[in-house]
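Novice: Here it is, the structure in full.
There are 2 protein chains.
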Amino acid sequence: MTPPIIGILGGGQLGRMLALAGIPLGFRFRFFDPSPDACAQDVGALTVGSWSDCDALRQFARGCDAITFEFENVPTASLDAIESIARVQPPRIALATTSDRIHEKQFFQRCGLAVQPFADVQTAADLALAVATVGTPGVLKTRNLGYDGKGQRVIRDARLASEAWSALGSTPCIYEAFVPFDREVSVVAVRSKVHGTVQFDAYPLGENVHRDGILHTTVVPARIDAALVSAARAHARVIADELDYIGVFAIEFFVADGVLIANEMAPRVHNSGHWTMDGAVTSQFENHIRAICGLPLGSCAARGAWNAMLNIVGRVPTLDDALTNSESKLHMYGKAARAGRKTGHINLHASSESELRAALTRAEGV
Amino acid sequence: MTPPIIGILGGGQLGRMLALAGIPLGFRFRFFDPSPDACAQDVGALTVGSWSDCDALRQFARGCDAITFEFENVPTASLDAIESIARVQPPRIALATTSDRIHEKQFFQRCGLAVQPFADVQTAADLALAVATVGTPGVLKTRNLGYDGKGQRVIRDARLASEAWSALGSTPCIYEAFVPFDREVSVVAVRSKVHGTVQFDAYPLGENVHRDGILHTTVVPARIDAALVSAARAHARVIADELDYIGVFAIEFFVADGVLIANEMAPRVHNSGHWTMDGAVTSQFENHIRAICGLPLGSCAARGAWNAMLNIVGRVPTLDDALTNSESKLHMYGKAARAGRKTGHINLHASSESELRAALTRAEGV
């Protein structure tokens with residue numbers, strides 16, 4: 069028996085966790101990544117190659133029964149090469165839309181989501197105008213290729229705008245008003261087509277706390293009104309249908325004065341959904357695999373009352389320390405420690421919020 | 069960074085699930101198996117070799133930080149070869165004790181566990197005497213190398229004893245009285261030593277139903293008195309301490325007239341503990357890895373009120389069918405269908421027994 073093979077563009081922790089979830093369904097995995105150290109190689113064959121090497125990508129794609137990505141900045145020409153051989157899901161339109169922050173915001177607006185004031189910045193003069201119009205404080209971000217707070221500068225004083233512009237490389241940017249938010253929440257949702265019939269589901273909303281631009285904790289459920297939860301789910305549904313999306317995705321929102329403001333969308337499994345590995349009936353990773361293979365979705369319901377995820381960043385704790393709490397679930401990525409690098413996460417569950425907060429505090433001390 | 073490597077003797081589904089549980093802790097896995105088709109190769113490097121090839125085993129053991137087994141009939145000479153290079157856990161004494169059904173029963177007796185009447189059968193004459201003493205019906209089993217009902221014959225009529233003896237190859241056997249049991253239950257337990265301090269825990273008891281000598285379902289918790297649950301856990305503790313055991317093990321009991329009768333022990337992760345993958349805080353696979361690495365144990369507590377495991381035997385269902393129930397958890401082993409072969413299992417959970425039984429019935433129909 070030859071098991072069906074799923075190819076993943078990118079061999080980082082998301083690919084690794086997709087494979088760990090998909091192997092029990094009977095799939096085999098292979099990964100394409102520029103780095104020979106890509107940590108997903110523990111769970112599938114790794115092809116090392118450049119994103120611009122269309123021959124290597126074509127060869128990688130041959131023999132794959134399905135292809136997906138965990139790294140969304142794959143060049144268009146490379147996608148062309150792959151798609152001539154095998155179907156890639158989520159759809160390209162989702163990549164094209166979310167890889168450009170201006171397009172993403174405009175797409176949110178077309179779908180009826182509120183966004184913070186923003187301006188397209190092509191030149192230093194554009195930026196000066198944007199700062200004058202949108203106001204300060206604001207955030208200047210490169211239009212493409214940003215993650216974990218990289219490619220961003222906060223502008224608190226209009227006189228320092230040109231400095232920020234230079235620091236980001238005088239490249240096309242978006243300037244966004246800084247939103248004085250009460251909370252950051254995200255909805256992780258999944259859409260599949262099973263013999264032509266759409267299935268859609270969303271996980272309970274998570275409440276996110278960032279540190280230094282990197283996700284620090286997600287606590288589920290988010291402490292917001294039920295009406296906002298329904299609204300976030302409805303927004304996710306509209307966006308997924310609009311893109312004819314297949315797979316898991318996440319939308320991050322600010323909650324400000326009781327209103328949801330869409331910040332950004334990730335067309336893939338997302339860090340704020342890592343709690344689902346231990347806290348939901350079906351993890352985001354398994355549901356993504358199911359979706360890209362046209363299989364029925366598993367339940368997105370939470371197991372237990374309260375769940376949380378704590379990222380491990382910039383260090384690799386000893387297992388003795390990391391496993392001290394017998395209730396917590398450790399997920400290491402097999403990556404060496406490096407400043408600002410996510411090396412793993414810990415999932416926690418509890419029957420009350422206070423118990424969960426106490427467990428989080430203990431876990432942070434490890 | 070080179071992750072620590074765990075070597076597993078045997079590359080079947082138990083090895084595969086050990087690796088799926090251990091990779092998130094940051095370990096890498098390698099497997100030794102006589103079959104080039106061993107299904108664990110999806111999650112680690114496979115060395116194909118014979119159990120009697122001590123050179124190959126030595127080479128396999130080199131570079132492993134810890135070694136364990138999922139196949140307990142490794143020849144003594146082979147274990148010698150490996151142990152000259154790396155520590156093997158669980159300890160050999162556990163293998164030696166459980167790989168011989170007579171030694172196993174005598175060990176149970178020494179530890180204060182009740183066993184059914186049995187007799188050592190070396191010759192046809194021994195068997196005739198055993199049948200006369202122990203009575204019929206009874207079960208004749210080869211002393212070594214039996215599993216899933218293989219190497220067994222029920223003797224209902226003393227006149228057919230010699231036929232059974234021939235059918236099993238006139239090899240050393242045990243003859244056991246047939247126990248008219250009310251239920252079959254098993255305790256899955258784990259023992260670790262963390263910096264010299266013993267940790268021990270046991271999962272809630274499972275109630276097992278066999279079909280054609282192969283485990284069909286496990287339902288948790290077993291429907292027996294709390295006193296019997298405590299007794300089973302206490303027995304497991306005594307046995308583990310007696311063997312200075314490290315790792316996960318299972319003891320199967322018959323419950324007859326309110327008494328626990330020890331049937332057999334598996335010195336490894338066990339099929340009746342597969343429900344823990346989705347139904348316990350820490351799975352038996354993860355706890356086995358923790359134990360053999362001297363790490364603190366994870367909680368063995370159940371998540372949710374009722375859990376069940378249903379084996380998939382002799383067939384590979386389509387994923388469309390197997391994933392119909394959005395609440396169930398599918399675990400396929402990547403093995404081709406063959407009569408009597410376990411190819412996967414389904415874990416189910418529910419808030420009431422009746423709900424669980426209904427889900428089991430639906431799952432059996434897939």
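The listed protein sequences derive, respectively, from chains A and B.
According to my numbering, the first sequence holds residues 69 to 434 in order.
According to my numbering, the second sequence holds residues 69 to 434 in order.
C-beta: ideal position from N, C-alpha, C; glycine also.
Values in this document were obtained by computation on a predicted structure and should not be read as measured data.
Got a sec: is the Cβ-Cβ distance from B:I91 to anything in chain A below 8 Å?
Specialist: Translated into the one-based positions of the second sequence, residue 91 of chain B becomes position 23. Yes, contact with chain A.
Novice: Could you check the C-alpha separation between B:F353 and A:G94 for me, to the nearest Å?
Specialist: Translated into the one-based positions of the second sequence, residue 353 of chain B becomes position 285. Translated into the one-based positions of the first sequence, residue 94 of chain A becomes position 26. Each residue's alpha carbon lies about 18 Å from the other.
Novice: B:V468 versus chain A: which residues are under 7 Å apart at the beta carbon?
Specialist: Since the first residue shown for chain B is 69 and the last is 434, residue 468 of chain B is missing from the structure and cannot be characterised.
Novice: Are there any heavy atoms of the ligand MN lying less than 7 Å away from the beta-carbon of B:P205, as far as the coordinates show?
Specialist: Absence of the ligand MN is noted for the structure shown, with no ligands found whatsoever.
Novice: How many angstroms separate the CA atom of A:A164 from the CA atom of A:G362?
Specialist: Walking along the first sequence from the start, residue 164 of chain A turns up at place 96. Walking along the first sequence from the start, residue 362 of chain A turns up at place 294. Taking the straight line joining both Cα atoms gives about 22 Å.
Novice: Along chain A, in chain order, which residues have C-beta atoms closer than 7 Å to that of B:R96?
Specialist: Looking up residue 96 of chain B in the second sequence gives position 28. Neighbours of B:R96 on chain A, chain order: D110.
Novice: Please give me, in chain order, every unbroken run of the beta strand (DSSP E) with length at least 3 that falls completely inside the segment 373-401 of chain B.
Specialist: The qualifying runs are 374-381, 397-400.
Novice: Would you identify the three-state DSSP class for A:D309, choosing helix, strand or coil?
Specialist: Start at 1 with the first residue of the first sequence, and residue 309 of chain A comes out as number 241. Correct three-state label for A:D309: helix.
Novice: Cα-Cα, which of A:P385, A:D389, A:A376, A:V384 is closest to A:S419?
Specialist: In the first sequence, residue 419 of chain A corresponds to position 351, counting from 1. For the residues A:P385, A:D389, A:A376, A:V384, the minimum Cα distance to A:S419 belongs to A:A376.
Novice: Measuring alpha carbon to alpha carbon, tell me which of A:S340, A:H356, A:M333, A:Q177 ends up nearest A:I290.
Specialist: Locating residue 290 of chain A in the first sequence gives position 222, counting from the first residue. The question names Ile, yet the displayed sequence has Ala at residue 290 of chain A. Residue A:S340 is the option with its Cα nearest to A:A290.
Novice: Taking Cβ positions only, does A:E395 come closer than 8 Å to chain B?
Specialist: Within the first sequence, numbered from 1, the residue matching residue 395 of chain A stands at position 327. Yes, A:E395 counts as interfacial toward chain B.
Novice: So what does DSSP say about B:T201, is it helix, strand or coil?
Specialist: One-based indexing of the second sequence puts residue 201 of chain B at position 133. DSSP places B:T201 in helix when its eight states are reduced to three.
Novice: Quick check: the segment 216-230 of chain B against the segment 186-202 of chain B, are at least 3 beta-carbon pairs closer than 8 Å?
Specialist: Verdict: yes, contact present.
Novice: Below 8 Å between beta carbons: does that hold for A:G366 and A:V288?
Specialist: For the purposes of this step, residue 366 of chain A is taken as the residue at position 298 of the first sequence. For the purposes of this step, residue 288 of chain A is taken as the residue at position 220 of the first sequence. No; because the gap between Cβ atoms is not below 8 Å, this pair is not in contact.
Novice: Smallest Cα separation from A:V327: which of A:G237, A:R126, A:D293, A:L273?
Specialist: Locating residue 327 of chain A in the first sequence gives position 259, where the first residue counts as 1. Measuring from the Cα of A:V327, the nearest candidate turns out to be A:D293.
Novice: Taking 8 Å as the cut-off, decide whether the C-beta atoms of B:Q267 and B:P159 are in contact.
Specialist: Residue mapping note: residue 267 of chain B aligns to position 199 of the second sequence, counting from 1. Residue mapping note: residue 159 of chain B aligns to position 91 of the second sequence, counting from 1. In this structure, B:P159 does not lie closer than 8 Å to B:Q267 by Cβ.
Novice: With a CB to CB cut of under 6 Å and the five nearest residues on each side skipped, what residues in its chain are close to A:D325?
Specialist: On the first sequence, position 257 is the one that residue 325 of chain A refers to. Counting only Cβ-Cβ distances below 6 Å, and skipping sequence neighbours, we find nothing.
Novice: Which two residues bound the contiguous beta strand (DSSP E) that contains A:L452?
Specialist: A question about residue 452 of chain A goes unanswered here, because the residues of chain A that appear run from 69 up to 434.
Novice: Using beta carbons (cut-off 8 Å, strictly below), is B:M400 in contact with chain A?
Specialist: Along the second sequence, one-based indexing puts residue 400 of chain B at 332. It does: the Cβ of B:M400 has a partner Cβ on chain A nearer than 8 Å.
Novice: Identify every run of the alpha helix (DSSP H) within the segment 186-274 of chain A, keeping only runs that are complete inside it and at least 4 residues long; order them along the chain.
Specialist: Those alpha helix (DSSP H) runs which fall completely within the segment 186-274 of chain A and span 4+ residues are 192-202, 229-235.
Novice: If we cut at 8 Å on Cβ distances, does A:L428 have a partner in chain B?
Specialist: One-based indexing of the first sequence puts residue 428 of chain A at position 360. Not one chain B Cβ lies under 8 Å of A:L428.
Novice: Of all the options A:V262, A:M333, A:F186, A:V323, which has the alpha carbon lying nearest to the alpha carbon of B:D389?
Specialist: Taking the first residue of the second sequence as position 1, residue 389 of chain B is located at position 321. When each option's Cα is compared against that of B:D389, the closest is A:V262.
Novice: Please list, in chain order, all residues of the same chain as A:A431 whose beta carbon is under 7 Å from its beta carbon, the five residues on each side excluded.
Specialist: The count along the first sequence starts at 1 and reaches residue 431 of chain A at position 363. Cβ neighbours of A:A431 beyond the five flanking positions: L378, N393, S396, I414, L416.
Novice: Mind reading off the beta-carbon distance from B:L208 to B:V189? Whole number of angstroms is fine, and I expect it under 8 Å.
Specialist: Residue 208 of chain B sits at position 140 when you count from the first residue of the second sequence. Residue 189 of chain B sits at position 121 when you count from the first residue of the second sequence. Yes, B:L208 and B:V189 are in contact; Cβ-Cβ is about 7 Å, under 8 Å.
Novice: Should A:Q109 be labelled buried (16 or more other beta-carbon atoms within 10 Å of its own) or exposed?
Specialist: As a working mapping, residue 109 of chain A is identified with position 41 in the first sequence. With 16 or more Cβ atoms within 10 Å of its Cβ, A:Q109 is classed as buried.
Novice: Measuring only the C-alpha atoms, how far is B:L82 from B:A200?
Specialist: Walking along the second sequence from the start, residue 82 of chain B turns up at place 14. Walking along the second sequence from the start, residue 200 of chain B turns up at place 132. Approximately 40 Å between the Cα atoms of the pair.
Novice: In chain order, what are the residue ranges of uninterrupted beta strand (DSSP E) at least 3 long that sit wholly in the segment 117-156 of chain A?
Specialist: Qualifying beta strand (DSSP E) stretches, in chain order: 134-137.
Novice: Bridge partners for A:G333 per DSSP, in chain order?
Specialist: For this step, residue 333 of chain A is matched to residue 265 along the first sequence. The sequence given here places Met at residue 333 of chain A; Gly does not occur at that position. Beta-bridge pairing links A:M333 to A:I319.
Novice: Taking 7 Å as the limit between beta carbons, can you name the residues of its chain near A:R211, skipping five residues before and five after?
Specialist: Counting from 1 along the first sequence, the entry for residue 211 of chain A is found at position 143. The answer, listed in chain order, is D168, R169, I170, P240, C241, I242.
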